[in-house]
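Report on one structure; see the data block that follows.
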Amino acid sequence: MNLFAEMRAVVIAALETMSTEGTLPKGLDLSNVTVEPPRDPAHGDMATNAAMVLAKPAGLKPRDIADKLSHALMAEPRIDLAEVAGPGFINMRLAASVWGMVAHDALKQGRDFGRAALGHGIKVNVEYVSANPTGPMHVGHTRGAVFGDALASLLDFAGYDVTREYYINDGGAQVDVLARSAYERYREANGLEPEIREGLYPGDYLIPVGAALKEKYGDSLIDKPESEWLADLRVFSTEKMMDLIRDDLALLGVEMDVFYSEKSLYGTGRIEAALKRLDDLGLVYRGTLEPPKGKLPDDWEEREQTLFKSTQFGDDQDRPVKKSDGSWTYFAPDIAYHWTKVERGFDQLIDVFGADHGGYVKRMKAAVSALSENRVSLDVKLIQLVKLFKNGEPFKMSKRAGTFVTLRDVVEQAGADVTRFHMLTRKNDAPLDFDFAKVLEQSKDNPVFYVQYAHARVCSVLRKSGEAGWDMSDARLAQADISHLHPAQLPLAKKIAEWPRLVEIAARANEPHRIAFFLYDLASELHTLWNRGNDDHSLRFIQDDNEAASASRIALARAATVVISAGLGILGVTPAEEMR
RNA sequence: GCACCCAUAGCUCAGCUGGAUAGAGCGCUGCCCUCCGAAGGCAGAGGCCGUAGGUUCGAAUCCUACUGGGUGCACCA
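According to our numbering, the first sequence is numbered sequentially starting from 1.
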């Protein structure tokens, strides 16, 4: 039940009646008519811009439309008052009983309250993390993982058919480096001195891989030329790295539906097929690129290449798909990979990239537009850096100095819930500070704690009333009479009513951080109401010796925590029953 | 040189895909527990929404140009 959508329908119906009665011209475009909460609660519960939006196309004055529309709206039983204000807004005050009905609805539906039909089962593919399989995940990956996962959950909640996908970059030269690095650890496992040359991966995490290689191959690969072991070791060590990454993701509570291997595209004709498709569309040609303006790279030379005409789709430059030696560039398998997404029937694609890959967005969008002939849209969400702090001091990460902070480090220190919530308290394209001391702080300037505390407080009330022998189950609370809310309870009830609307807004924008901010506001309303109980005991949730009165108060509080719980669920955070 | 992202209170950031007098936390000032969890709440002070134009009934939000910061820029993924 989305109250705002329902009231918009009431407004639209009134407008259509006005059209048929001749008060308004027929055939007006009503799509810009909105019903939303006014900034100032004194203006009422909801406001519509209908009169202002329609004034020009209808050839009427906003006030005239507004006067008639407000009269028509007064016929709606859920509207107590509709009045014209300002330049032509219509402010609506809703019947008090409406808010109780929303809370009641939340109790009945539980965590499904707010689940939207926005997506209509549209198939969405969310690709995130996609970290190179060359080592454990670090903090930078963590934010992308949390974001992508929360976004996927959000879209699912909004009614989309979501697939969570990880693209394994196991086809490129970095995997050769991995295999060689693992080979040195293998020699080490056989009692030889490893030669971790410049450019190899020095990390300790490859030591167990070396040991596993010894177990599998004994000493049979020692002193053999690279050509005899490289291919095998590529496969072996990539698998080990993916095990590592899967474990890291599990620590965070991230579970993928699909792991798609880049390597699996090679040798199967898939890359060729994707490129042929572009070629058939007349989008591939042999040519040379203009040298970049400004300072030239030292080794610039003009050369003829196989190019994809991405400029036709808004890119700044056509992009090479083949290297001069005839092998594919990294872009070619990416094109093929996205082509598989189109072929697999997805209607919308979302890629979650690090902000340093921003330059890659246009060509990827161009490729998807071209391959799908504009049927499938690609939205790329760029994730800004995480700045680590320790005790307020910026913390520099350095592989050499051994101060490389992994996902595991973060989750083991801060916990998955805290990490996840905190990473969603910033918009994805804004840099994020992560201070180990601050995220663990238990005060209201830590949103994680603040929201959890609100939830825990209500749980505490439920426990207490249970000890009094009362049945305060959700089923029982859904029967409670909450039709006559106290004015002090209204702000909380109204916030609860906003939840379904917020889900749609957040899903439309692909912005899960909005959920986190909403939960903070909701928690704030709950804390406020709680404290009102200090001044006015009749507002306390537990009314001694009066089960019915308690139930009606607790019902509202519980409805709030149902929403908190649903919201935290989208963020992948467990609601706290109590704070320790 | 070009493209993309960002610019909002002293600090860190929201701002509902164009709405009314721009919000929150921190910090500062003053209040509120014999009483459901004060790990909270209330009140006050604090703003030319980077600058200049444009679009319109209406702009922090959309467009253009500047200024300042970040990222990226042919055969690396």
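Heads up, the beta-carbon is just placed ideally off N, CA and C, and yes, glycines get one too.
- In summary, Val-386 is buried, with 16 or more beta-carbon neighbours lying within 10 Å of its beta-carbon over all protein chains present.
- Looking at the DSSP output, Ala-179 sits in no beta bridge, so it has no partner there.
- If you look at Glu-83, you'll find it isn't in any alpha helix (DSSP H); it sits in the beta strand (DSSP E) that goes 79-85.
- Here Gly-345 is exposed. Its C-beta has fewer than 16 other C-beta atoms within 10 Å.
- Beta-bridge analysis with DSSP links Phe-259 to Tyr-166.
- A residue is called buried once 16 or more other Cβ atoms fall within 10 Å of its Cβ, and Lys-216, having fewer, is exposed.
- Inside the region 425-459, DSSP marks whole alpha helix (DSSP H) runs of 4 or more residues at positions 436-439, from first to last along the chain.
- Of the residues assessed, His-71 falls on the exposed side of the cut-off, its CB having fewer than 16 other CB atoms within 10 angstroms.
- Remark: C-beta atoms of Tyr-520 and Pro-447 approach each other more closely than 8 Å.
- Each residue's CA atom was taken as its position, placing Leu-349 and Ile-122 some 11 Å apart.
- When DSSP states are grouped into helix, strand and coil, Asp-29 belongs to the coil group.
- Straight-line measurement puts the Cα of Asp-248 at about 7 Å from the Cα of Pro-136.
- With the rule of 3 Cβ pairs closer than 8 Å, the region 156-176 does not count as touching the region 449-468.
- Taking C-beta atoms as the reference points, Ile-482 and Ala-555 count as a pair closer than 8 Å.
- Here the region 100-111 makes contact with the region 556-564; the two share three or more CB pairs at distances below 8 Å.
- Between Phe-541 and Val-439, the beta carbon gap of about 30 Å keeps them out of contact (Cβ cut-off 8 Å).
- Here DSSP, grouped into helix, strand and coil, assigns Ile-383 to strand.
- In chain order, Ala-274 and Leu-371 place their CB closer than 6 Å to the CB of Trp-339, counting only its own chain and leaving out the 5 sequence neighbours on each side.
- Rounded to the nearest whole angstrom, the CA to CA distance from Ala-103 to Ala-493 is 7 Å.
- Relative to Arg-270, the option among Pro-333, Ser-377, Leu-283 and Gly-358 whose CA is nearest is Pro-333.
- Proximity of the region 146-166 to the region 198-218 falls short of the contact definition, fewer than three beta-carbon pairs being nearer than 8 Å.
- With the rule of 3 Cβ pairs closer than 8 Å, the region 505-519 counts as touching the region 421-432.
- Of Ser-550, Leu-502, Tyr-260 and Gly-569, the smallest CA-CA separation from Phe-4 is found for Leu-502.
- In the structure shown, Met-74 adopts coil according to DSSP, grouped into three states.
- Checking the DSSP bridge columns, you'll see Val-342 has no partner listed.
- The beta carbons of Thr-17 and Thr-419 sit no closer together than 8 Å.
- The C-beta separation of Leu-118 from Ala-549 comes to about 38 Å, leaving the pair out of contact by the 8 Å criterion.
- Sixteen is the threshold: when 16 or more other Cβ atoms of the shown chains lie within 10 Å of the Cβ of His-138, as they do, the residue is buried.
- Collapsing the DSSP output to three states places Thr-48 in a strand.
- Residue environment analysis places Glu-184 among the buried positions, since at least 16 neighbouring C-beta atoms fall within 10 angstroms of its C-beta.
- Sequence-distant partners of Ala-179 (beyond 5 residues in either direction) whose C-beta falls short of 6 Å from its own C-beta, in its chain, are Leu-230, Leu-233, Arg-234 and Ser-237.
- Assigned with DSSP and collapsed to three states, Glu-393 falls in strand.
- Residues of the same chain with a CB within less than 8 Å of the CB of Tyr-260, apart from the 5 flanking positions on each side, are Glu-165, Tyr-166, Tyr-167, Ile-168, Tyr-337 and Thr-340 in chain order.
- Asp-318 and Ser-377 have their C-alpha atoms spaced approximately 20 Å apart.
- With 16 or more neighbouring CB atoms inside 10 Å of its own CB, Ser-465 falls in the buried class.
- As computed with DSSP, Asp-351 is found in a beta bridge with Glu-127 and Val-380.
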